[in-house]
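Working notes for the structure below.
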Amino acid sequence: MSDDLETLRQDVLSELAGATDLRAWDAVRVGTLGKSGRLTGLLKALGKMQPDERKARGVALNRLRDELTQAVEARGRELEAAALQARLIAEKLDVTVPPPAEAAGYIHPISRTIEEMTAIFGVMGFQVAEGPDIETDWHNFSALNTPDHHPARTDHDTFYLPPSPGLDVTRVLRTQTSGVQIRTMLGQKPPIRIIAPGRTYRADHDATHSPMFHQCEGLVVGKGITLGHLKGCLIEFLRAFFGKPSLPVRFRSSYFPFTEPSLEVDIGWSRKTGEIGAGEDWLEVLGAGMVHARVLANCGLDPREWQGFAFGMGVERLAMLKNGIPDLRSFYESDIRWLRHYGADPLAPALLHEGV
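Numbered by our numbering, the letters in the sequence shown go through residues 315 to 670 in order.
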């Protein structure tokens with residue numbers, strides 16, 4: 315073997331030995347055996363040599379090519395095996411080690427508040443009833459003794475929808491879940507004891523109002539139902555919900571088309587600190603009343619035989635009061651930081667108060 319071929323051989327073997335990863339190895343392979351490689355260039359130059367010289371030179375080059383090809387392939391297999399071993403070591407998993415802690419999800423305050431309401435009223439014997447978000451004008455207003463001139467029936471307060479094809483029925487996005495009460499009285503004989511949590515819709519939007527929000531309404535119908543039953547039910551609920559057994563509760567006369575008499579319900583709180591149950595101030599939290607005789611009659615119930623009471627409250631409002639949330643709009647902004655702060659542990663029970 316001539317001196318230049320021996321030099322090439324030594325250089326290539328030295329470079330292969332110094333290649334510590336597959337990228338460096340591939341650079342040596344291409345630089346030696348590639349289309350523009352050093353050995354390939356010498357093989358191409360054979361055509362310019364004399365026949366006698368070309369024969370001897372060709373034999374030496376072919377022998378060198380075979381040797382270097384084998385050396386390159388062998389070194390490549392070694393580096394591949396080493397890379398695989400390093401990867402196996404890096405990805406090795408000790409099954410005896412506890413898994414790393416992962417961030418847990420959180421229950422949204424609205425969902426948790428509905429869970430707590432359902433749990434409290436469930437202890438009182440209430441069942442959950444549901445109804446459609448798209449209601450007829452009759453279920454949402456007329457059956458509830460709401461007059462045609464009432465402001466709630468105007469376009470700037472209620473979302474009206476086009477009638478269904480072939481049906482001459484006015485449809486609305488329900489402004490309250492009271493339509494569930496009507497459907498329950500039409501489809502079920504008394505005694506009735508239900509709550510109806512769900513989404514409602516009104517054309518309003520600011521820091522304390524949203525076009526879509528949640529309500530929880532309740533209905534009790536039976537014989538001998540009095541205002542005392544209504545007051546006792548709501549006092550127990552509010553004290554259990556806020557976790558304050560001595561929470562002050564006040565009832566004030568009000569007006570709703572679907573109840574008579576109608577009441578606003580206040581709880582004691584501090585205007586200065588915002589603490590529930592403290593201070594000498596009052597805060598309105600829900601409305602209630604005895605079911606109007608016309609509403610019972612509209613549902614086929616004789617008011618002389620059956621009596622009932624109903625109530626309704628905003629889920630977001632109670633959640634804001636209980637958790638100290640200042641702005642209603644933050645409920646719907648999908649801010650994960652907000653949810654981490656106000657969200658509930660999914661594994662924690664809905665109620666932690668004693669006696670509930």
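Glycine is no exception: its CB is placed at the ideal position from the N, C-alpha and C atoms.
What separation, rounded to the nearest whole angstrom, lies between the Cα atoms of Glu550 and Ala602? 14 Å
The segment 539–548 contacting the segment 584–595, beta-carbon criterion three pairs below 8 Å: no
Pick from Val409, Arg516, Phe555 and Glu531 that is closest to Ala443, judged by C-alpha positions: Glu531
What does the Cβ neighbour count give for Met363, buried or exposed, with the cut at 16 atoms within 10 Å? exposed
Touch test, the segment 429–438 against the segment 464–478, Cβ-Cβ under 8 Å, three pairs minimum: no
Starting from the Cα of Ala658, find the closest Cα among Lys369, Thr321, Gln384 and Thr427 and give me that residue. Thr427
Following the continuous beta strand (DSSP E) through Pro365, name the residue where it begins and the one where it ends. Taken as a continuous stretch (DSSP letters only), Pro365 belongs to no beta strand (DSSP E), being part of the alpha helix (DSSP H) at Pro365 to Ala404.
Indicate the three-state DSSP secondary structure (helix, strand or coil) for Ser328 in the structure shown. helix
So Val483 and Pro477 are in contact, right, with Cβ under 8 Å, and what is the actual spacing, rounded? 6 Å
Per-residue burial, Ala333 [other beta carbons within 10 Å of its own, 16 or more giving buried]: buried
In chain order, which beta strand (DSSP E) runs of at least 3 residues are fully inside the segment 460–496? 485–487
Within 10 angstroms of its Cβ, does Ala457 collect 16 or more other Cβ (buried), or is it exposed? buried
Say whether the segment 484–493 touches the segment 508–527, bearing in mind that this needs 3 or more beta-carbon pairs closer than 8 Å, one atom from each stretch. yes
According to DSSP, what are the bridge partners of Arg507? Val534
According to the neighbour-count rule (16 or more other Cβ atoms, all chains shown, within 10 Å of its Cβ), is Glu367 buried or exposed? exposed
Distance, Cα to Cα, Leu544 vs Gln502? 21 Å
Quick check on the DSSP output: what are the complete beta strand (DSSP E) runs of length 3 or more inside the segment 580–641, in order along the chain? 595–605 and 621–628
Spatially closest choice to Phe455 from Val437, Tyr474, Gly439 and Met438, by CA coordinates: Tyr474
Short of 6 Å in beta carbon distance, which residues of its chain neighbour Arg618, apart from the five on each side in sequence? Order them along the chain. none
Per-residue DSSP class, three states only, for Ser316: coil
Of all the options Val494, Glu429 and Asp317, which has the alpha carbon lying nearest to the alpha carbon of Ile448? Val494
Could you check how far apart the C-beta atoms of Pro559 and Arg553 are, in whole angstroms? I think they sit under 8 Å. 6 Å
Keeping to the same chain, check which residues put their C-beta closer than 7 Å to that of Asp471; ignore five residues upstream and five downstream. Pro465, Arg516 and Ala517
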